[in-house]
Amino acid sequence: MPDSNSTGASSRCRFKTIAKYPNYPQRPISLIQQLHNAPDFAFYLRKYLNSIREPRLPNQTLQSATLPFSQLDVYNMFRFHPVPLNDDEEEYDIVKAIPRSKSMPDGRFDTAVVMTSKEAESHGLKGKWLEVVITQDLI
Numbered sequence: 001m002p003d004s005n006s007t008g009a010s011s012r013c014r015f016k017t018i019a020k021y022p023n024y025p026q027r028p029i030s031l032i033q034q035l036h037n038a039p040d041f042a043f044y045l046r047k048y049l050n051s052i053r054e055p056r057l058p059n060q061t062l063q064s065a066t067l068p069f070s071q072l073d074v075y076n077m078f079r080f081h082p083v084p085l086n087d088d089e090e091e092y093d094i095v096k097a098i099p100r101s102k103s104m105p106d107g108r109f110d111t112a113v114v115m116t117s118k119e120a121e122s123h124g125l126k127g128k129w130l131e132v133v134i135t136q137d138l139i
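Under UniProt numbering, the sequence shown has 7 at position 7, and the numbering climbs by one with no breaks.
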């Protein structure tokens, strides 16, 4: 059952579910970069935020630009429930991003490909795509 954070905005995804409370509330961005093996996370976060703001900052200034916050809530996973290809089966997918720890020295970092426009195809690679979960192999 979807919780209060679920949405039905996409025609290809019926709803998404996320925990009511984050696994790591108000985690400093510097610690996220360290534990998730994502040293450029702050830069790419600035780059993304700059892409949706007006007026945009010049790309040369992004490295030194300050973020409007220094901490983020971190969730270990979310579920999404796409429209099933076979109407008889309920489908869901889980994406996990678990930081390094003593019990998981490499952590776990799933890759998710997400449609960023309504023109993107859900069963092929035609259209615009965005990778949203950073994996260790990509950094």
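Beta carbons: idealized from backbone N, C-alpha and C, even for Gly. Computed from a predicted structure; not experimentally measured.
Contact under 8 Å by Cβ, residue i with residue j
i: Asp93; j: Pro82; result: yes
i: Phe43; j: Ile32; result: no
Proximity to residue i [Cα-Cα], best of the options
i: Ile29; options: Ala112, Tyr48, Gln71 and Arg46; result: Gln71
i: Pro22; options: Tyr75, Gln33, Pro39 and Ala42; result: Tyr75
Residues that residue i bridges to, as DSSP identifies them
i: Phe78; result: Ile18 and Val95
i: Pro28; result: Gln71
i: Phe109; result: Ala97
Other residues of its chain near residue i: CB distance less than 7 Å, five sequence neighbours each side excluded
i: Pro25; result: Asp73
i: Arg46; result: Leu62, Ala65 and Leu67
i: Glu50; result: Here residue 50 turns out to be Asn, not Glu, going by the sequence shown. The residues are Arg56, Leu57 and Leu62.
Cβ-based burial, residue i [other Cβ within 10 Å; buried from 16]
i: Thr111; result: exposed
i: Lys20; result: exposed
i: Ile52; result: exposed
Close Cβ partners of residue i (< 8 Å) along its chain, the five nearest in sequence each way excluded
i: Arg108; result: Lys96, Ala97 and Ile98
i: Arg27; result: Gln71, Leu72, Asp73 and Val74
Same chain, Cβ closer than 6 Å to residue i, neighbours up to 5 away in sequence not counted
i: Leu35; result: Pro99 and Arg100
Residue i Cβ short of 7 Å to the ligand HEM heavy atom set
i: Thr17; result: Ligands displayed in this structure: none; no statement on the ligand HEM is therefore possible.
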